[in-house]
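Enquirer:
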Amino acid sequence: MAILQVIKYGHPTLRKVAEPYTKDELDDKFIEDMLETMYKEDGVGLAATQVNVQKQMLVCSDRENEYILFNPKIIATSEQRKFEFEGCLSLPGLQASVPRFEKVIVTARDINWDEIEIKVKGLLAVVLQHEIDHLNGILYIDRADINTLTWTDSPVVDEQLRQKQTTLEEVQRIFTKKYHAKSDNLAFDKIST
Ligand code: ZN
């Protein structure tokens, strides 16, 4: 097993729509690596696009349930939306308040390639909306109340910035320097296809 490298905001893969997964692409090692990476990074969800694999696959867990889903789609939602703070392994050290549906119904293929339908609410509903967005090149900052975008008190954040409100412009400047110093191919905005 291996810990995969999680790509950061600015990497173009995060802004692309992932390709559907096919049954012959099922790969036990990749699934194990995705799970191990999610748990190691203390995440509750991880989309394949976040490890630079442009395929519709995600893992998520609320510690009681663990899901490994291929080609997941939201087919129904509650009417009600709720704002809650979210973070993302691809945007380390940041959080913002995001409106999400309280309940969702998702269809997908599982590891046996059976079609499944899951109904979730609460944390898992939020995580699934967040991860399925990733597979469509959407990040939580696209949906967030951007006035709530703040640096956390995580050690990845420079001390003088911690818990301060920020803007996307500042985040882009800091991320370019910190994570993409050697890259000249960056994409902060959604890529329209
Ligand atoms: Zn994320």
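Residue numbering for the sequence shown follows the working numbering, starting at 6 and increasing by one per position. Built from N, CA and C at the ideal position, the CB exists for glycine as well.
Would Met6 and Glu37 be called neighbours here (beta carbons separated by less than 8 Å)?
Expert: The answer is yes: Cβ separation under 8 Å.
Enquirer: I need the DSSP call for Phe193, collapsed to helix, strand or coil.
Expert: Of the three classes helix, strand and coil, the one that applies to Phe193 here is coil, per DSSP.
Enquirer: By alpha-carbon positions, which one of Arg86, Tyr26, Gly98 and Arg105 ends up nearest to Pro160?
Expert: When only C-alpha atoms are compared, the closest one is Gly98.
Enquirer: Could you compute how far the alpha carbon of Met43 sits from the alpha carbon of Leu96?
Expert: Using only the alpha carbons, I get a separation of about 14 Å.
Enquirer: Based on Cα-Cα distance, which residue from Ala81, Asn117 and Met39 lies nearest to Cys65?
Expert: When only C-alpha atoms are compared, the closest one is Met39.
Enquirer: For Met62, report the span of its beta strand (DSSP E) as first-last.
Expert: Residues Met62 to Ser66.
Enquirer: Could you tell me how far apart the beta carbons of Cys103 and Tyr145 are, in whole angstroms, since I believe they sit closer than 8 Å?
Expert: Here the sequence assigns Val to residue 103, which means Cys is not the residue at that position. About 5 Å separates the two Cβ atoms, so the contact holds.
Enquirer: Do you know offhand how far Ser83's Cα is from Ile110's?
Expert: Ser83 and Ile110: Cα-Cα distance of roughly 9 Å.
Enquirer: Since Gln59 and Glu24 are thought to touch, with beta carbons under 8 Å apart, how far apart are those beta carbons, to the nearest angstrom?
Expert: Contact flag correct, Cβ pair sits at about 6 Å.
Enquirer: In the structure shown, what three-state DSSP assignment does Ile8 receive?
Expert: In the structure shown, Ile8 sits in coil (DSSP, three-state: anything other than H, G, I, E or B).
Enquirer: Are Asp158 and Gln165 close, meaning C-beta to C-beta below 8 Å?
Expert: No, the pair does not count as a contact, with Cβ atoms beyond the cut-off.
Enquirer: Rounded to whole angstroms, what is the Cα-Cα separation between Leu20 and Gln10?
Expert: One point to set straight first is that residue 20 is Arg, not Leu, in the sequence displayed. The straight-line gap from Cα to Cα measures roughly 17 Å.
Enquirer: Could you check the C-alpha separation between Lys28 and Gly50 for me, to the nearest Å?
Expert: Using only the alpha carbons, I get a separation of about 22 Å.
Enquirer: Hey, Leu154 and Thr171: beta-carbon distance below 8 Å or not?
Expert: Yes, these two residues count as a Cβ contact at 8 Å.
Enquirer: Go through the stretch 87-114 residue by residue and report every complete run of the beta strand (DSSP E) that reaches 3 residues or more, in order.
Expert: Runs of the beta strand (DSSP E) inside the stretch 87-114: 99-106 and 108-114.
Enquirer: So what does DSSP say about Glu122, is it helix, strand or coil?
Expert: It is a strand residue.
Enquirer: With distances taken Cα to Cα, identify the nearest neighbour of Asn117 among Asp32, Ile12, Ile8 and Gln100.
Expert: Here the closest residue by C-alpha is Asp32.
Enquirer: Under the assumption that Lys195 contacts Gly142 (Cβ atoms under 8 Å), give the Cβ distance between them as a whole number of angstroms.
Expert: At roughly 6 Å, the Cβ-Cβ gap stays under 8 Å, so Lys195 and Gly142 are in contact.
Enquirer: Using beta-carbon positions only, say whether Ala101 and Ala52 come within less than 8 Å of one another.
Expert: No; because the gap between Cβ atoms is not below 8 Å, this pair is not in contact.
Enquirer: For Gln134, name the three-state secondary structure that DSSP assigns.
Expert: Gln134 falls in the helix class under three-state DSSP.
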